[in-house]
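Residue numbers (the numbering used here): 6 to 199.
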Ligand SMILES: Cc1cc2nc3c(=O)[nH]c(=O)nc-3n(C[C@H](O)[C@H](O)[C@H](O)COP(=O)(O)O)c2cc1C
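Printed below as a string of structure tokens:
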């Protein structure tokens with residue numbers, strides 16, 4: 006994954022759902038939350054808090070609260086030897102911000118995703134989470150809303166981007182490579198008015 010600059014890094018990023026079983030150093034994981042900490046925040050309220058999960062016994066329990074690659078179930082769900090080796094659970098503190106905050110968490114997630122990618126670490130943004138189960142597992146106080154989970158690990162796949170041609174559904178080819186359709190620039194870009 007050679008990235009000459011941040012633009013190339015952004016273009017090359019793909020969601021990763023198959024991971025090498027090699028640990029991510031704790032310090033690296035905390036650097037990702039550092040990137041989240043300094044992300045933009047509406048009214049600078051900073052309502053976000055993160056939980057890093059990297060303890061081996063906890064990993065399967067967190068995994069079972071997450072849902073993977075809905076368009077290609079079960080082919081997109083990592084097998085036990087390809088699962089994430091860490092998670093970052095992003096919470097919104099409802100005592101700091103009573104409602105909303107999802108743009109904040111989106112910005113924080115993207116900062117973490119790109120900071121990880123630059124270090125050769127792949128990730129999957131998981132919005133489909135069994136929140137009650139995860140809150141109980143991690144003893145999360147009631148005034149925190151679980152927004153989403155970032156699943157992390159060194160990549161064991163290289164998905165490829167395709168031009169959209171009628172469907173947004175990603176697919177796996179016969180060799181197991183994931184293809185991800187994206188709408189073309191000319192179809193989503195307007196200059197100086199619609
Ligand atoms: C808000 C949000 C929620 C997502 N939730 C899930 C999820 O629950 N499970 C999953 O496997 N992927 C999830 N994804 C990843 C998307 O499926 C992925 O970004 C999309 O297929 C495009 O692929 P790309 O990230 O490689 O561009 C989510 C992405 C976003 C932005």
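All C-beta atoms in this analysis are idealised placements derived from N, C-alpha and C, irrespective of residue type, glycine included.
With a 10 Å radius around its C-beta and 16 neighbouring C-beta atoms as the bar for buried, classify residue i as buried or exposed.
| i | result |
| --- | --- |
| residue 109 | buried |
| residue 11 | exposed |
| residue 53 | buried |
| residue 60 | exposed |
| residue 70 | buried |
| residue 83 | buried |
| residue 55 | buried |
| residue 175 | buried |
| residue 149 | buried |
| residue 165 | exposed |
| residue 173 | exposed |
| residue 144 | exposed |
| residue 196 | exposed |
| residue 104 | exposed |
| residue 141 | exposed |
| residue 4 | Only positions 6 to 199 of the chain appear in the structure, and residue 4 is not among them; the question remains open. |
| residue 132 | exposed |
| residue 29 | buried |
| residue 147 | exposed |
| residue 194 | exposed |
Say whether chain D places a C-beta atom closer than 8 Å to the C-beta of residue i.
| i | result |
| --- | --- |
| residue 87 | The displayed structure is made up of one protein chain only, and chain D is not part of it. |
When you measure from the CB of residue i to every non-hydrogen atom of ligand 2, does any distance come out below 7 Å?
| i | result |
| --- | --- |
| residue 51 | Of the ligands one can find in the structure shown, namely ligand 1, none is ligand 2. |
Practice prompt. Name all residues in chain order for which at least one heavy atom of ligand 1 lies closer than 5 Å to the residue's CB.
Written response: 19, 20, 73, 74, 130, 131, 132, 133, 185
Fill in: Three-pair Cβ contact test at 8 Å for the segment 116 to 133 versus the segment 32 to 43
yes
Fill in: the segment 142 to 158 touching the segment 176 to 188, judged by at least three CB pairs closer than 8 Å
no
Practice prompt. Could you say if the segment 89 to 109 and the segment 138 to 153 meet the contact criterion of at least three C-beta pairs nearer than 8 Å?
Written response: yes
Worksheet item: Is the segment 84 to 91 touching the segment 19 to 26 in the sense that three or more CB pairs, one from each, lie closer than 8 Å?
Response: yes
Worksheet item: Residue ranges of each beta strand (DSSP E) run of no fewer than 3 residues wholly in the segment 75 to 163, ordered along the chain?
Response: 91 to 98, 127 to 131, 149 to 158
Practice prompt. Could you tell me which uninterrupted alpha helix (DSSP H) segments, each at least 4 residues in length, are contained entirely in the segment 8 to 44, listed from first to last along the chain?
Written response: 11 to 17, 31 to 42
Worksheet item: Between the segment 11 to 21 and the segment 122 to 130, are three or more C-beta pairs nearer than 8 Å?
Response: yes
Item to complete: Let me know the alpha helix (DSSP H) ranges lying completely inside the segment 169 to 198, each 4 residues or longer, listed in chain order.
Response: 190 to 193
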